[in-house]
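Undergrad:
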Amino acid sequence: MGAILNEIWRRSPNAIDLLTTKLGKLELKTPLSVASGTFDLENLEFFDESCLGAFVCKTITRYPKHGNPPPRLYETEAGLINSIGLQNPGLDNFIAEKLPLYRERLRLPLIVSISGSSISEFEYILSRLETCPGISGYEINISCPNVENEGIAFGVCPDVVFDLLTKISPMTSRELCVKLSPNVTDIAQIAKAAESGGASSLAMINSVWGMAINYRNGKSHIKKGVAGYTGIGIKPIALALTYKAAQAVNIPILAMGGIYNWKDALEFIWAGASAIAIGTANFVNPLAAPELIMGLGEYLLENDLKITDLIGKVSF
Ligand SMILES: Cc1cc2nc3c(=O)[nH]c(=O)nc-3n(C[C@H](O)[C@H](O)[C@H](O)COP(=O)(O)O)c2cc1C
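Going left to right, the sequence shown walks through residues 1 to 316 as our numbering numbers them.
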């Protein structure tokens, strides 16, 4: 796959600039990243990581989580329903075991996704990770219940998002990206609250509420019932929310939600995304990432364009 970027660069002396983009403080060699929870080091056995601009890992919490009971994955006619429940090894194990693997293997900016059940828990996780080398940034997953706020998800209240960000943003000089939930009344308010609180970029969208029921016997396909809907069916929702957020803020957006190929990626860039990520498509096509970058590179070369020429330039 290094060969793919080499081929793009060989065909144009300026091609190295075609795909480069910025996500807040990070210069990305390509605009493509991977969505938290859908990709890990084993996926890199299928292709060379040079087609990626950054690597976002599965969300880490303070303590290990076993996740929700099965069944917790169901493929619908148009995308996936999941209730994995943030299964992860917890902060201590992540720092001791996972992070060294990432440091050894990755030649890409590593963005660590974190989640907490209170503002002080976010602060604690961040303070520990700040002592660890090899991390380029954080993705703050706010689609989780806040125990200090009656279990209402952090990401639905602009005041809470602002409060969280004002507390954690002074703690780091690394990239601070806030991952937004689509399950809100007004995404612009949440995006603005994250920006005013000190976020340097946004990632969006997390999964949409969804449900799947066996029509014959009425049994939910997912043990927990309501779960997270991702993949092809959420693309128009993700596109609209990306557009709305991009209109509301000046910080860059890492967009995801139903991106399967370079054409999908371009739609998000026109809507206002500075970078894009592949999530559910990684389960369908392990080569989605290199194919996307090859297609995007060819489109840009053929049309004599750079990614940065297109960001937010949708017309009506
Ligand atoms: C199986 C699975 C696990 C996920 N785990 C996480 C996670 O740990 N943290 C997170 O922020 N998002 C998680 N997500 C959401 C994705 O990162 C992404 O926001 C969402 O899937 C939308 O993108 P897509 O339609 O391309 O999949 C998960 C999604 C799936 C399908």
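Note that beta-carbon positions come from the ideal geometry of N, C-alpha and C, so glycine has one too.
(1) Could you check the C-alpha separation between Leu32 and Glu75 for me, to the nearest Å?
(2) CB of Lys179 to nearest heavy atom of ligand 1: below 7 angstroms?
(3) Are the CB atoms of Ser36 and Ser113 within a distance shorter than 8 angstroms?
(4) By the DSSP assignment, the beta strand (DSSP E) with Tyr323 in it spans what residues?
(5) If contact is defined by three or more beta carbon pairs under 8 angstroms, each pair taking one atom from either stretch, is the segment 248-261 in contact with the segment 275-291?
(6) Any idea if Cys132 is buried or exposed, counting beta-carbon neighbours within 10 angstroms, 16 or more meaning buried?
(7) With DSSP as the reference, identify every bridge partner of Val112, one or two as the case may be.
(8) By Cβ distance below 8 angstroms, which residues in the same chain neighbour Met1 in space, the five residues on each side in sequence not counted?
(9) Name the two residues that bound the continuous alpha helix (DSSP H) containing Tyr102.
(10) Looking at C-alpha atoms only, which residue of Leu300, Leu23, Ile168, Asn250 is the closest neighbour of Ile125?
(11) Per the DSSP calculation, Thr204 is bridged to which residue(s)?
(12) Closer than 7 angstroms by C-beta to Glu130: which residues in its own chain qualify, once you throw out the five before and the five after it? Chain order, please.
(13) Mind checking Thr21: buried by the 16 CB within 10 Å criterion, or exposed?
(14) From Pro182 to Glu123, what distance separates their C-alpha atoms?
(15) What are the boundary residues of the beta strand (DSSP E) that Glu75 is part of?
(16) If distances are taken between C-alpha atoms only, which option among Leu165, Ile187, Asn217 comes closest to Gly197?
(17) Classify Pro145: buried if its beta carbon has 16 or more other beta carbons within 10 angstroms, exposed otherwise.
(18) Between the C-alpha atoms of Ser143 and Leu202, what's the straight-line distance to the nearest angstrom?
(19) Which residues bound the beta strand (DSSP E) around Lys179?
(20) For Tyr102, which residues of its own chain have a beta-carbon under 8 angstroms away from its beta-carbon, when the five flanking residues on both sides are left out?
(21) Express the C-alpha separation of Ile205 and Leu241 in angstroms, rounding to a whole number.
(22) Pairs of beta-carbons, one from the segment 219-231 and one from the segment 244-255, closer than 8 angstroms: are there three or more?
TA: Taking the coordinates as given:
(1) So the alpha carbons of these two residues sit roughly 25 angstroms apart.
(2) yes
(3) yes
(4) Lying before the first or after the last residue shown, residue 323 is absent from the chain, which here runs from 1 to 316.
(5) yes
(6) exposed
(7) For Val112, the pairing in a beta bridge is given by DSSP as Tyr138.
(8) Because Met1 sits at a pLDDT of 45, beneath the cut-off of 50, its placement in the model cannot be relied upon, and the point is left open.
(9) Tyr102: member of the alpha helix (DSSP H) spanning 99-105, first to last residue.
(10) Ile168
(11) The sequence given here places Met at residue 204; Thr does not occur at that position. DSSP lists Ala255 as partners of Met204.
(12) Met171, Thr172
(13) buried
(14) 24 angstroms
(15) If you look at Glu75, you'll find it in the beta strand (DSSP E) that goes 73-76.
(16) Leu165
(17) exposed
(18) Straight-line Cα distance between these residues: approximately 13 angstroms.
(19) 175-179
(20) Leu41, Phe55, Cys57, Leu110, Gly134
(21) Each residue's alpha carbon lies about 8 angstroms from the other.
(22) At 8 angstroms Cβ cutoff, the stretches do not touch.
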